[in-house]
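Chemist:
In the UniProt record's numbering, the protein residues as written are 1 to 203.
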């Protein structure tokens, strides 16, 4: 269960993250956003992702609830996709820029959850003899997501006849994956109980 759920999360997480530059291209092609603003949006996404990842790594070290935290991260990526879709289709000018930056911020935070938590989960679930094999399979699913998502976008766009609608589809995929991950909530290592301090016996 750990390998299956973390591999699903890795596929959706990395696919969506690799999809962010496509969002930048769509926003630029729809006009009204300057190159400087597009660059700022991408910078905010990657800085937020790396900065929040440090905090999430500390959560992973504490253990407990890691499957649920991964679900929250994937859900945040889905919300970011919905905001990008609104920015592409339903807004103009400053409002579009504000939404694009907000979407990048939300998606950046969401993207920071998977890697420290997922690697920690897989490492705890497998003994040293099988750990590298499990991590390799898990990593392959992330690479598959990065490879397929941009191509799938154009396939889905052809089916729904709208780029913004295609972005919504990927948001729905992320939300659906988050719901499944929340329901399963795997975590082979329970959080450590606080140390008990025993008072010295009276003389």
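Quick reminder that beta carbons are idealized off the backbone N, C-alpha and C, glycines included.
Is residue 126 helix, strand or coil when you go by DSSP?
Modeler: As a first step, residue 126 must be located in the chain shown, where it is residue number 126. Residue 126: coil per DSSP, three-state reduction.
Chemist: If contacts are defined as beta-carbon pairs under 8 Å, then residue 170 and residue 41 qualify, I think. What distance do you get, rounded to the angstrom?
Modeler: Within the chain shown, the letter at position 170 stands for residue 170. Within the chain shown, the letter at position 41 stands for residue 41. Between residue 41 and residue 170 the Cβ distance is about 18 Å, and since that is not below 8 Å, they are no contact.
Chemist: What distance in whole Å lies between the Cβ atoms of residue 79 and residue 106, which are believed to be in contact at a cut-off of 8 Å?
Modeler: Counted from its first residue, the chain shown places residue 106 at position 106. Counted from its first residue, the chain shown places residue 79 at position 79. Rounded, the Cβ-Cβ distance is 5 Å, consistent with contact.
Chemist: Rounded to a whole number of angstroms, what is the C-alpha to C-alpha distance between residue 121 and residue 108?
Modeler: The residue you call residue 121 lines up with position 121 of the chain shown. The residue you call residue 108 lines up with position 108 of the chain shown. If you take the alpha carbons of residue 121 and residue 108, they lie about 21 Å apart.
Chemist: Can you tell me the Cα-Cα spacing of residue 36 and residue 148, whole angstroms?
Modeler: Start at 1 with the first residue of the chain shown, and residue 36 comes out as number 36. Start at 1 with the first residue of the chain shown, and residue 148 comes out as number 148. Those two C-alpha atoms are separated by around 29 Å.
Chemist: Taking the CB atoms as reference points, tell me whether residue 113 and residue 70 lie closer together than 9 Å.
Modeler: By 1-based counting over the chain shown, the position of residue 113 is 113. By 1-based counting over the chain shown, the position of residue 70 is 70. Yes, they are a contact pair.
Chemist: Mind checking whether residue 156 and residue 6 have CB atoms under 9 Å apart?
Modeler: For the purposes of this step, residue 156 is identified with residue 156 of the chain shown, where counting begins at 1. For the purposes of this step, residue 6 is identified with residue 6 of the chain shown, where counting begins at 1. For residue 156 and residue 6, no; Cβs fall outside 9 Å.
Chemist: Just confirm the distance between the C-beta atoms of residue 117 and residue 66, as a whole number of angstroms; I'd bet it's less than 8 Å.
Modeler: Here residue 117 refers to the residue found at position 117 of the chain shown. Here residue 66 refers to the residue found at position 66 of the chain shown. Sure, about 5 Å apart at Cβ, within 8 Å.
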